[in-house]
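Engineer: One structure coming up, written as structure tokens, with questions to follow.
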Amino acid sequence: MPVFTPESNCKWASVAGWLPLFGMTGVIAFLQSAKRDWLKKFITLLMLFAFVPVLNSLFQLLNSSIYYTRWFYMLVLMFILASLRALEDCSEKNWRRATIWSVSLTVGAALLIGFMPNITEDENGEEFYSIGVQATFERFWIYVLMALMSILAFILIFKKFRHNLLRFSIASISGVLIVALLSSYFIIGTGVISSSTTQKIKDDIINARDDIKIDDLENVRSDFYKCVDNTPMYWKIQSINCFQSSVSPSIMQFYNAMGVTRDVASRPNFSVYGLRGLLSCKYYFDYNKDSDSSDSDYSFLDDKGNTKMPYWKYIKTCNNFDIYQNECYIPMGFTFDSFITEEEFERVKDSNKTEATLYSLILSREVMSKYSDITGYTDEKYKLLYGDDPDSFDSVVDDYKYGKLQYKAQCQKLVASSCSSFEYTNNGFKAEFNNKGDDNLLFFSVPYSTGFTAYVNGSPVDIEKVDFGFMAVKVPANTDCNIEFYYETPGFSTGLLISIASGCAFAIYVGVTVLVHIYKKRKISKRS
């Protein structure tokens with residue numbers, strides 16, 4: 005469905021519901037005629053939930069940061085059921101009243117949206133007055149016309165075929181399909197026609213992946229900030245950017261701890277350049293056709309021609325993408341020589357947190373204690389932090405220095421203790437690490453999940469959750485280590501067994517039902 009109020013921050017919130025051809029006519033007819041019906045009560049309850057934000061948030065664990073209504077499919081299904089019930093039970097008088105109400109509500113909403121006074125401001129603060137809050141005047145009124153024509157088509161079908169069930173069913177189903185297809189084609193078609201980006205996407209992204217030739221591109225992470233969403237996913241390139249709301253909870257926890265916004269997408273901005281080092285990001289793709297935009301935020305270069313993140317150098321241009329390489333790139337899998345607790349990390353200012361992650365590995369108190377021979381943790385040493393006067397605790401985070409030079413030095417230090425090889429596999433990843441020092445924890449910036457199992461030189465090891473959302477494993481001292489991680493979706497095996505058992509139970513049920521039916525049929529035939 006099109007968004008009639010583009011400035012209301014509801015583009016991806018699924019706040020629209022629609023019944024092709026019928027609209028709300030059948031629902032209104034049912035609600036008018038039904039008295040003490042469970043469906044009427046249920047629809048009323050759901051509409052109450054829709055209008056009260058606190059009640060609506062119950063569908064997403066009381067998260068009221070955004071009005072999010074993916075559950076509306078339930079309300080739409082109940083509307084469909086109500087329309088069917090109305091066709092079965094309601095009189096023509098109820099339908100006439102419902103039609104009048106439906107037309108009145110449609111016209112009223114159209115007039116309200118289409119002619120509401122609107123005030124906007126430009127960059128200089130100058131106010132502009134306009135009529136209507138819709139994004140496009142012409143397209144909006146075409147949508148209104150389509151809605152009214154759908155109601156008219158339903159009225160004609162209802163009057164002509166109401167008393168012939170077969171013809172009415174055929175006409176109604178055909179009408180629903182025709183209205184749904186035509187409206188969908190119109191919305192998609194006019195969206196393509198009015199968009200200024202489709203040709204660029206076709207030329208520079210869809211048909212141009214093979215033109216980008218970088219030897220290790222598919223084995224390292226890249227950054228596509230301010231580019232078309234999910235370009236790297238389409239190109240099958242590892243990236244720190246992704247428009248996807250169904251991600252590991254560990255990703256959300258990590259970004260929250262860093263003070264970086266992560267809602268439906270991962271889009272860390274230029275100011276948190278420390279993330280690019282921690283996440284082993286090697287390449288940056290800057291779409292130079294966007295760089296010419298009046299919005300300078302789209303360009304990777306500032307007014308002086310310098311990159312907006314330090315230590316990135318230009319290497320080539322492909323498909324109108326200027327490609328830069330990170331001179332502070334840290335290969336995947338590395339160790340630290342310093343360890344801090346999560347409580348210590350909370351002392352760091354939000355503006356410095358991503359750089360602070362390069363100084364020490366961040367562990368929970370339990371993990372610090374578990375590997376005390378590595379971390380140096382003792383209850384005595386940390387008694388102030390976990391006692392009555394935590395501010396008196398002397399933490400190494402107070403000595404961290406921040407800036408471009410310090411950032412580069414820390415990255416170079418971590419490069420020296422990184423894996424010699426790293427490779428993605430079909431069900432996880434593997435790496436090789438030459439540990440020349442004492443026992444340590446080897447960090448991987450891969451989101452933590454209980455579905456992972458890990459092996460070091462063939463022996464199973466515990467996977468620890470570190471840095472609020474990533475993984476680390478213990479590697480023995482002075483050893484060449486072969487590390488392997490395997491992933492299986494949590495609950496997949498159990499779910500598969502349940503599905504097989506359910507299928508067998510259903511087959512037995514069907515078999516028994518058929519046998520009983522045959523037995524009864526034979527018994528009746530014998531009697532006759």
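So this note's numbering is basically just the index in the sequence shown, starting at one, shifted up by 4.
From the three backbone atoms N, C-alpha and C, an ideal C-beta is built for every residue, glycine too.
#1: Roughly how many angstroms separate the alpha carbons of W105 and G27, rounded to a whole number?
#2: On a Cα-Cα basis, can you pick out the residue from F141, V514, K286, N122 that is closest to Y133?
#3: Please tell me whether T29 and T140 are closer than 8 Å, where the distance is taken between their beta carbons.
#4: Got a sec: does the ligand COA put a non-hydrogen atom nearer than 7 Å to the Cβ of V137?
#5: Are the stretch 416-428 and the stretch 323-339 touching by the rule of at least three beta carbon pairs closer than 8 Å?
#6: Which residues mark the beginning and the end of the beta strand (DSSP E) in which M256 is found?
#7: Provide the residue(s) that pair with E488 in DSSP beta bridges, ordered along the chain.
#8: Answer with buried or exposed for F489, where buried requires no fewer than 16 other C-beta atoms within 10 angstroms of its C-beta.
#9: Out of S226, T235, G193, state which residue places its alpha-carbon closest to the alpha-carbon of I205.
#10: Classify Y238 as helix, strand or coil using the three-state DSSP reduction.
#11: Between the stretch 162-171 and the stretch 114-121, do at least 3 Cβ pairs fall closer than 8 Å?
#12: Count the CB pairs spanning the stretch 35-53 and the stretch 82-91 that are closer than 8 Å, and state whether there are at least three.
#13: Leaving out five residues on either side along the sequence, give the residues of the same chain with a beta carbon under 7 Å from the beta carbon of S298.
#14: Output needed for D354: all residues of its chain with C-beta closer than 7 Å, excluding positions within five of it in sequence on either side, in chain order.
#15: Using a 10 Å radius around the Cβ and a threshold of 16 neighbouring Cβ atoms, would you call A458 buried or exposed?
#16: How far does the alpha helix (DSSP H) with E468 in it extend, from its first residue to its last?
#17: Report all residues from its chain with a CB closer than 6 Å to the CB of S254; omit the five preceding and five following residues, and keep chain order.
#18: Three or more C-beta pairs closer than 8 Å, one from the stretch 223-243 and one from the stretch 268-275: is that the case here?
#19: Residues in its own chain within less than 7 Å of Q36 by CB, not counting five upstream and five downstream?
#20: I need the boundaries of the alpha helix (DSSP H) containing D377, first residue and last residue.
#21: Would you give the residue range spanned by the alpha helix (DSSP H) that P24 belongs to?
#22: Where does S535 sit, in a helix, a strand or coil, going by DSSP?
#23: For the pair the stretch 393-404 and the stretch 433-450, tell me if three or more CB-CB distances fall below 8 Å.
#24: In angstroms with no decimal places, state the Cα-to-Cα distance between A54 and D93.
#25: Report the residue from I32, N223, L170, F158 whose alpha carbon sits nearest the alpha carbon of I182.
#26: How would you write the range of the alpha helix (DSSP H) that N122 sits in, first residue to last?
#27: If I'm right that Y328 touches Y318 with Cβ under 8 Å, what's the distance once you round it to whole angstroms?
#28: What is the rounded straight-line gap between the Cα of N486 and the Cα of G441?
#29: Just tell me which of Y147, A212, I155, Y229 has its CA closest to the CA of Y189.
#30: In the DSSP output, what is W316 paired with across the bridge?
#31: From the DSSP secondary-structure annotation, give me the bridge partner or partners of L446.
#32: Assuming F285 and I244 are in contact, meaning their beta carbons sit under 8 Å apart, how far apart are those beta carbons, in whole angstroms?
#33: According to DSSP, simplified to helix, strand and coil, what is F304?
#34: According to DSSP, is T493 part of a helix, a strand, or is it coil?
#35: For N60, collect the residues of the same chain with a Cβ closer than 7 Å to its Cβ; drop the 5 residues on either side in sequence, then sort them by chain order.
Structural biologist: Judging by the given coordinates:
#1: Residue 105 sits at position 101 when you count from the first residue of the sequence shown. Residue 27 sits at position 23 when you count from the first residue of the sequence shown. So the alpha carbons of these two residues sit roughly 11 Å apart.
#2: Numbered from 1 along the sequence shown, position 129 holds the residue referred to as residue 133. With distances taken between Cα atoms, Y133 lies closest to N122.
#3: Here residue 29 refers to the residue found at position 25 when the sequence shown is read from its first residue. Here residue 140 refers to the residue found at position 136 when the sequence shown is read from its first residue. Contact flag unset, no.
#4: As far as ligands go, the structure on display features none, and thus does not contain the ligand COA.
#5: Segment contact: the stretch 416-428 against the stretch 323-339, three or more CB-CB distances shorter than 8 Å; contact assigned.
#6: Indexing the sequence shown from 1 puts residue 256 at position 252. Unbroken run through M256 is the alpha helix (DSSP H), 253-262; no beta strand (DSSP E).
#7: Here residue 488 is taken as the residue at index 484 of the sequence shown, counted from 1. Within the DSSP bridge table, the entry for E488 names K434, Y459 as partners.
#8: For the purposes of this step, residue 489 is identified with residue 485 of the sequence shown, where counting begins at 1. Buried, because 16 or more other Cβ atoms sit within 10 Å of the Cβ of F489.
#9: Stepping through the sequence shown from its first residue, residue 205 is reached at position 201. Out of S226, T235, G193, T235 has the C-alpha closest to the C-alpha of I205.
#10: The residue labelled residue 238 in the question sits at position 234 within the sequence shown. Looking at Y238 - three-state DSSP - the assignment turns out to be helix.
#11: Result no; under three Cβ-Cβ pairs closer than 8 Å.
#12: At 8 Å Cβ cutoff, the stretches touch.
#13: Locating residue 298 in the sequence shown gives position 294, where the first residue counts as 1. Because S298 carries a pLDDT of 44, less than 50, the predicted location of this residue cannot be relied on, and the following value inherits that uncertainty. Answer for S298: no residue qualifies.
#14: Along the sequence shown, one-based indexing puts residue 354 at 350. Here the set comprises G263.
#15: Residue numbering aside, residue 458 sits at position 454 when the sequence shown is read from its first letter. By the C-beta density criterion, A458 is buried, having at least 16 other C-beta atoms within 10 angstroms.
#16: Stepping through the sequence shown from its first residue, residue 468 is reached at position 464. DSSP places E468 outside any alpha helix (DSSP H); the residue lies instead in the beta strand (DSSP E), whose first and last residues are 468-470.
#17: Within the sequence shown, numbered from 1, the residue matching residue 254 stands at position 250. Non-local beta-carbon contacts of S254 in its own chain, meaning distances under 6 Å to residues more than five positions away in sequence, involve P451, Y452, G473 in chain order.
#18: Touching, yes.
#19: Numbered from its first residue, the sequence shown carries residue 36 at position 32. Closer than 7 Å at Cβ, skipping near neighbours: N98, R101, A102.
#20: Locating residue 377 in the sequence shown gives position 373, where the first residue counts as 1. Counting along the chain, the alpha helix (DSSP H) containing D377 begins and ends at 376-379.
#21: As a position in the sequence shown, residue 24 is number 20, starting the count at 1. Element bounds for P24: n/a, residue is neither H nor E.
#22: Residue 535 falls outside the range modelled here, since the chain spans only 5 to 532, and no answer is possible.
#23: Judged by pairs of C-beta atoms under 8 Å, the stretch 393-404 does not touch the stretch 433-450, as fewer than three such pairs exist.
#24: The residue you call residue 54 lines up with position 50 of the sequence shown. The residue you call residue 93 lines up with position 89 of the sequence shown. Take the alpha-carbon of A54 and the one of D93: they are about 27 Å apart.
#25: Sequence index remark: in the sequence shown, residue 182 carries index 178 (1-based). For the residues I32, N223, L170, F158, the minimum Cα distance to I182 belongs to F158.
#26: Position 118 of the sequence shown holds residue 122. That residue, N122, is in no alpha helix (DSSP H); its beta strand (DSSP E) goes 121-125.
#27: Residue numbering aside, residue 328 sits at position 324 when the sequence shown is read from its first letter. Residue numbering aside, residue 318 sits at position 314 when the sequence shown is read from its first letter. Correct: roughly 5 Å between the Cβ atoms.
#28: Looking up residue 486 in the sequence shown gives position 482. Looking up residue 441 in the sequence shown gives position 437. Taking the straight line from one Cα to the other gives about 16 Å.
#29: On the sequence shown, position 185 is the one that residue 189 refers to. The candidate whose alpha carbon is nearest that of Y189 is Y147.
#30: The residue given as residue 316 occupies position 312 in the sequence shown. As DSSP reads the structure, W316 sits in a beta bridge with N330.
#31: Against the sequence shown, residue 446 aligns to sequence position 442. According to DSSP, residue pairing for L446 in a beta bridge involves T339, V477.
#32: Within the sequence shown, numbered from 1, the residue matching residue 285 stands at position 281. Within the sequence shown, numbered from 1, the residue matching residue 244 stands at position 240. Here residue 285 is Cys; the residue named in the question, Phe, does not match the sequence. Rounded, the Cβ-Cβ distance is 5 Å, consistent with contact.
#33: Taking the first residue of the sequence shown as position 1, residue 304 is located at position 300. Coil, per DSSP.
#34: Along the sequence shown, read from residue 1 onward, the residue named residue 493 stands at position 489. Three-state result, T493: coil.
#35: Numbered from 1 along the sequence shown, position 56 holds the residue referred to as residue 60. Cβ neighbours of N60 beyond the five flanking positions: F53, A54, Y71, T73.
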